[in-house]
Amino acid sequence: MSAMDAGRKILLLLAVPVLLIAAWWAATAGSTNFFWPPLAQIAGTFGETWFTGRFTADVLPSLARLLVGYLAAVVLGVGLGTAIGSSRTLRGLLEPVLEFFRAIPSPVLVPILMLFAGIGNEMKVLVIVSGCVWPVLLNTVEGVRALDEVLRDTARCYRLRRRSRLIHLVLRGASPQIAAGARQALSIGIILMVISEMFAASNGVGFTIIQFQRSFAIPQMWTGIIMLGLIGIVLSLIFRVVEARLLSWYTGLRMSQREG
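The numbering of the sequence shown is UniProt numbering, which starts it at 1 and goes up by one.
Put into structure tokens, the structure is as follows:
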């Protein structure tokens, strides 16, 4: 990729955010509405709101709960999805049950999970797992089901061990769809992280935003929303880097097929 192409790509990535910020700045400049303060005022309070102790007291605990819940959901979803996708009988038995539970919105489970797990970190992690597991699970099932039967037969003919077939054939072949499910799960996890902290918590980004709203600290409340957006952007960039590294073989295969 040439420097010109790289510059054009960066320009395209930044164009929409810059335009949105400029529009927000212009729309709120000189605003006297208590609930819609100027963006300049919000930006001025951002640093003192989040980088004077709240980052370690609220942001890091939120990210820790999100990381634990998200990784648990990925492991659970890939494990169950691989087993269900590999067995037609198991798939026939569990598919109606999976569709039923998948249709239940995860925020509805928060009061129920509070009864069994209390209001501590365990409840918040369970809420994140309950929502993040479904995109990973269903995409893994479809990815395993879509594997080429010729490849399966070839692996049997070469008498590959079950572990080798699982790692090099099943998981590797289904990895593009697993990554798609994991990407969806990440955005769901951020939403559920905030919702779980809004119900019952003593720290976290969601808890802090609600506290600002209840105390009518409106500029600080808006800084919390901006903080959530920045967290989403950073986590998305990290995910893209990891995904590009793990799926480099798939990207190279697609490029070669296009060129051919």
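Note that CB positions come from ideal geometry on N, CA and C, so glycine has one too.
Since residue i and residue j should fall inside the 8 Å C-beta cutoff, what is the C-beta to C-beta distance between them, to a whole number of angstroms?
| i | j | result |
| --- | --- | --- |
| S31 | V205 | Wrong, their Cβ atoms sit about 25 Å apart, outside the cutoff. |
| I225 | I209 | 7 Å |
| S55 | I218 | Note that residue 55 is Phe in the sequence shown here, rather than Ser. No, F55 and I218 are not in contact; Cβ-Cβ is about 21 Å, not under 8 Å. |
| S147 | G173 | According to the sequence shown, residue 147 is Leu rather than Ser. About 5 Å; that satisfies the 8 Å criterion. |
| L39 | W24 | 5 Å |
| A83 | L90 | 6 Å |
| A155 | R145 | Rounded, the Cβ-Cβ distance is 16 Å, inconsistent with contact. |
| L66 | M193 | 5 Å |
| F239 | R183 | 6 Å |
Spatial neighbours of residue i within its chain, please: C-beta separation below 7 Å, excluding the five flanking residues on both sides.
| i | result |
| --- | --- |
| I70 | One point to set straight first is that residue 70 is Tyr, not Ile, in the sequence displayed. Around Y70: I128, C132, A185, L186 and G189. |
| L113 | M123, L126 and V127 |
| A64 | none |
| S248 | none |
| Q41 | P219 |
| R254 | none |
| L11 | none |
To which residues of the same chain is residue i closer than 6 Å at the C-beta, ignoring the five residues directly before and after it?
| i | result |
| --- | --- |
| L137 | G77, L80 and G81 |
| Y250 | P176 |
| A244 | none |
| residue 270 | In the structure as shown, the chain begins at 1 and stops at 260. Residue 270 is therefore absent and cannot be evaluated. |
| V97 | none |
| L19 | none |
| G232 | I190 |
| V68 | V125 |
Kindly list the residues whose CB is nearer than 8 Å to the CB of residue i, restricted to its own chain and excluding five residues on each side of it in sequence; keep chain order.
| i | result |
| --- | --- |
| S202 | none |
| F207 | D58, E197, M198 and A201 |
| I21 | L39 |
| R102 | W134 and L138 |
| P37 | T28, S31, I218, P219 and W222 |
| V141 | G81, I84, G85 and R91 |
| R159 | none |
Contact the stretch 169 to 189 vs the stretch 110 to 121: 3+ CB pairs below 8 Å: Judged by Cβ distances under 8 Å, the stretch 169 to 189 makes no contact with the stretch 110 to 121, as fewer than three pairs qualify.
Inter-stretch contact (C-beta, 8 Å, three-pair minimum) for the stretch 40 to 52 and the stretch 216 to 224: These segments touch.
Within the stretch 91 to 146, ranges of the alpha helix (DSSP H) (whole runs, at least 4 residues): The stretch 91 to 146 contains, as complete alpha helix (DSSP H) runs of 4+ residues, the segments 109 to 117 and 121 to 145 (chain order).
Segment contact, 8 Å Cβ cut-off, at least three pairs: the stretch 162 to 175 with the stretch 101 to 115: The stretch 162 to 175 vs the stretch 101 to 115: no contact.
Every unbroken alpha helix (DSSP H) inside the stretch 152 to 210 [4 residues or more]: 172 to 199, all fully within the stretch 152 to 210.
In chain order, each beta strand (DSSP E) run of at least 3 residues that lies wholly inside the stretch 9 to 69: If we require 3 residues or more, the stretch 9 to 69 turns out to have no beta strand (DSSP E) run fully inside it.
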